[in-house]
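*Asks:*
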Amino acid sequence: MPQVLSKSPQQNFITTSATYRHEVMTSIDLSNNILLIEDNPGDSRLVELYLDESDFNNFVLIKAKTLTEGMAILANGGNFAAILLDLMLPDSEGFETLEKIILRYPNNNIIVLTGLVHKTFAVQAMKAGAQDYLIKNELNAEVLSRSLRYSIERNSIIKRLEESQRIAHIGNWLYDPKNQIFEASDEVYRILGLSLNFRRFSFADLTKFSYPFDLFNRIHNESLAYSEVKKDIKIETPNDEIRYLYIQCRNTQVPGQKFPVLQGIIQDTTERKTANEVLMKTQERYQDIFTKSKDAIYIASFDGRFIDFNESTADLFGYQQEETGNLDINQLYEPLKAKRQLLASLSKHKVVKDFEIEIRRKDGTLRYCLLTANIVDTREFFGYNAILRDITEHKEAEELKKARDLAQRSSEMRERLLASISHEMRTPMNAIYGLSNLLIKTELNDEQSGYISSILQSSEHLLGIINDILEISSMQNTEVIFNNKVFDLYDLLMNVMNVMQHKVKEKDLSLDISIEPNVPRSLIGDKLRLNQILYNLVGNAIKFTEQGSVSIMVQQIDNINNLYTLRFIVADSGIGIPDDKVNTVFDTFSRIRYKDKIFEGTGLGLSIAKKLIEGQGGKIWVKSKIGEGSTFFFELAFELNNQPTESDNIVSVQSIAHDGKLPAIKVLLAEDNKLNQLVARKTLERLWEDIQLVIVENGQEAIYQLQEDTFDLVLMDIQMPIMDGYEAAQHIRNNMTHLAKMPIIAMTAHAHFSKEGKVQEMGMNDFVLKPFVPEQLVQTMLNNLQIRTRKLISNNS
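Quick note on my numbering: the sequence shown kicks off at 100 and runs consecutively.
#1: Should G482 and I428 be called a contact, given that it needs their Cβ atoms to be closer than 8 Å?
#2: Where G862 and N797 are concerned, what is the direct C-alpha to C-alpha distance, given to the nearest angstrom?
#3: Taking 6 Å as the limit between beta carbons, can you name the residues of its chain near L884, skipping five residues before and five after?
#4: Who pairs with D367 in a beta bridge, going by DSSP?
#5: Kindly identify the DSSP beta-bridge partner or partners of F454.
#6: Buried or exposed for R466, going by 16 or more other Cβ atoms inside 10 Å?
#7: In the structure shown, what three-state DSSP assignment does V684 receive?
#8: CB-CB under 6 Å to I490, same chain, minus the five flanking residues each way: which ones, in chain order?
#9: Ordered along the chain, which non-local residues of its own chain (more than five positions away) have a Cβ less than 6 Å from that of K869?
#10: Please work out which residues of its chain come closer than 8 Å, Cβ to Cβ, to N583, disregarding the five sequence neighbours upstream and downstream, and give them in chain order.
#11: In three-state DSSP terms, what is A163?
#12: Thinking just about the alpha-carbon of each residue, which of A769, V778 and A801 is nearest to the one in D816?
#13: Return the first residue and the last residue of the alpha helix (DSSP H) that F416 is part of.
#14: By how many angstroms is the C-alpha of T664 removed from the C-alpha of L537?
#15: Go ahead and pull the three-state DSSP assignment for Q362.
#16: Quick check: what's the CA-CA separation for L588 versus R666?
#17: Which residue spans inside the region 243-313 form an unbroken beta strand (DSSP E) run of at least 3?
#18: Who pairs with M815 in a beta bridge, going by DSSP?
#19: DSSP state of I396, grouped into three classes?
#20: Determine the direct distance from the alpha carbon of K718 to that of K655, and round the result to whole angstroms.
#21: Within the continuous alpha helix (DSSP H) that includes R488, where are the two ends?
#22: If contact is defined by three or more beta carbon pairs under 8 Å, each pair taking one atom from either stretch, is the region 594-605 in contact with the region 631-650?
#23: If we ignore side chains and look at the alpha-carbon of each, how far apart do H319 and I332 end up?
#24: Can you tell me whether DSSP reads G638 as helix, strand or coil?
#25: Assuming I172 and L197 are in contact, meaning their beta carbons sit under 8 Å apart, how far apart are those beta carbons, in whole angstroms?
#26: Would you mind giving the Cβ-Cβ distance between Q366 and H448, rounded to the nearest angstrom? I have them listed as a contact below 8 Å.
#27: Report buried or exposed for N278, applying the criterion of at least 16 other Cβ atoms within 10 angstroms of its Cβ.
#28: Identify, in the order they occur along the chain, each residue of the same chain with its Cβ nearer than 7 Å to the Cβ of T423, setting aside the five sequence neighbours on each side.
#29: Who are the near neighbours of M822 in its chain, counting only those whose CB is closer than 6 Å to its CB and skipping five residues on each side?
#30: Helix, strand or coil for T664, going by three-state DSSP, please let me know.
#31: Spatial neighbours of S535 within its chain, please: C-beta separation below 7 Å, excluding the five flanking residues on both sides.
#32: Rounding to the nearest angstrom, what Cα-Cα distance links T167 and L188 in this structure?
#33: Which value, in whole angstroms, describes the spacing of the CA atoms of E645 and V681?
#34: Over what stretch of residues does the beta strand (DSSP E) that includes F733 continue unbroken?
#35: Relative to the C-alpha of K501, which candidate in F194, H217 and L814 has its C-alpha closest?
#36: Grab me the residues of P873's own chain with a C-beta within less than 7 Å of its C-beta, minus the 5 sequence neighbours each way, in chain order.
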């Protein structure tokens, strides 16, 4: 809960009870308060101490540990002198959080607290609306005091500028019906007698109101015939109030757009005398901003003459004010290329924002600055005004290096954390998922069966989320390595069908595979990644299809020097994708909304598939129509394998079990977890009638059993006491030569096994990730036992 701190003679700050009431908050004069939103107790305490040592020690510090608490305080209390905000809060959304606070509480002055020393972060924070930002490691009482003074003053100036527009009864607006854009200042809504809530409506919603859009449409139509419109009009507001307005607007041709954008002003001239008086005050406030700003503000001609400048400009360039007036501003910009680019961009676009440029001071030193400027074009003068902000401290090479090192360490720590989380989550999930699979095959009533089905569906959903998050994190932190090896394309497609068959049956769909005759069967490529891509696409197709079918088609597109380009097509008869979402379905965390329903999932599957395809030099695209389904296409190149391989396809688990073709085998299971032992034993005994299973609890016992008995296959857990699965597999391969070809399948909760090469590196033939799909476990065993059939199976059952 938030804390309210107040100054006392006995001690610097006194913390009141964490439980406060609304009336307590509203009774405080918040104009003399500072709100700190920070979850780190140490950082929070430092701010408290530094504030006590600063010029602001008479201010009340109100503390919140989460964004939720901070928003509650803002909702109850109103405005603060300053808000110190850490963007890395557990419930924060980064810069979106900053923008939301500014949108909801526009009068507040926000200073961002950060541990990152990076220019890009600084620029983003300022662009998002922060008045300043502080680096935690560089924070002290002087820095805090300077930032508070500067930001409070700057925020006050900006707010006075916004207020001046209201006082003058002049609002600015932009209307672009072609691109569905309408932007207007608050004063436009006030002048038109409309609620400020209209600002939150989308363009489509706004156009439903005949007033005031009839007015803007008439002006827009007139502007098509004239480049500029100036007119006085009379209106009646929704409150039946008569007002007289002066409207002036101009068509602005935006580069790259066919139709011009209409920009203009509306002035309430009902009380012209009062408006003129307010305009005078506005001019004074503009001058106030000009003279008091800590940023350098100046007006210059394009030939380099200073027309006007504030004191901060002279300070930045290191000259006396009388010297500055005689300088050529163009000679102070560095380097020459950047100077030319600035002037060219300004001439072309009329405005530049946050343009990075160097300036040379009188003493010869360089300062790095961000320049924002716009053209000034009057009858008397043609030039530009500019604001220069010094960002030199944020570009120091040493600090940037520290930031990079910190980012690297954070990345490594995150990788280790994700691996640990994966193992700890998958182990209990294996028991939940496995036992649920076993339980649903027993005699249950309808209610019980429904409960178990829900558990299975939730388990699969959770597992999918875990897999997607780990995969996308791995892609972001490390380069994806592709391992090209010989594989049988038909076998791979049959395996996809077998794994997906239970999902297809649940929804009473059909799953078909079609391979054109000229598609080669034995290829060289990354089998694991192709599997992953197809699982994601087929799984997606099944998820969004309620009736009908899902199909996989493979075509040969090209063949150059035994390099075959194949096109894979995954089609469904599902809900389809809206036109406005087709171009974003491959974005990270992109999810489809259909008839007010958001389908479950992380929104990562298609993004992962796209990264895997493009990482191999391929491409992916989609065609879709609402209500008719979607078709995903992707193309990848594979080498043709000319070495002889077995051409028979692996038989499906379902068909073998149905026909009673599973042979008698003896399997050794090394697993220390009792529940996982139970799941594996019951699963195999249910699907494989003639199987003999011997269970041991560690790698040492597994080696002893292999010395004493004969087995057809070993299922090996990796993380076990005494001797783990890795050590056991290495011992078998290195010291038991008669078992060199014994199939060893890893059963693991470690997600890094999904990286091809880890299995062989540990001396194993294959792996199954926990929790496993029962049929997938048996299919993996069949693959490694090389049980084959001479026919290609068409499985629509």
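Every residue gets a Cβ at the ideal spot worked out from N, C-alpha and C, and that includes glycine.
*Replies:* Taking the geometry as given:
#1: no
#2: 17 Å
#3: none
#4: L344
#5: L470
#6: buried
#7: coil
#8: Y467 and L469
#9: R525, N529 and A848
#10: I623, G624, D625 and E738
#11: strand
#12: A769
#13: E410 to F416
#14: 43 Å
#15: strand
#16: 13 Å
#17: 269-275 and 280-283
#18: A769 and A845
#19: strand
#20: Strictly speaking, residue 655 in this sequence is Gln, with Lys absent from that position. The straight-line gap from Cα to Cα measures roughly 15 Å.
#21: Premise fails: R488 lies in the beta strand (DSSP E), F481 to D489, not in any alpha helix (DSSP H).
#22: yes
#23: 15 Å
#24: helix
#25: That pair is no contact at about 16 Å.
#26: So it is not a contact: roughly 27 Å between Cβ atoms.
#27: exposed
#28: F405, F408, T412, A413 and F416
#29: N797, G798 and Q799
#30: strand
#31: I551, I554, L555 and S558
#32: 10 Å
#33: 20 Å
#34: G728 to L739
#35: H217
#36: N536, T782 and L786
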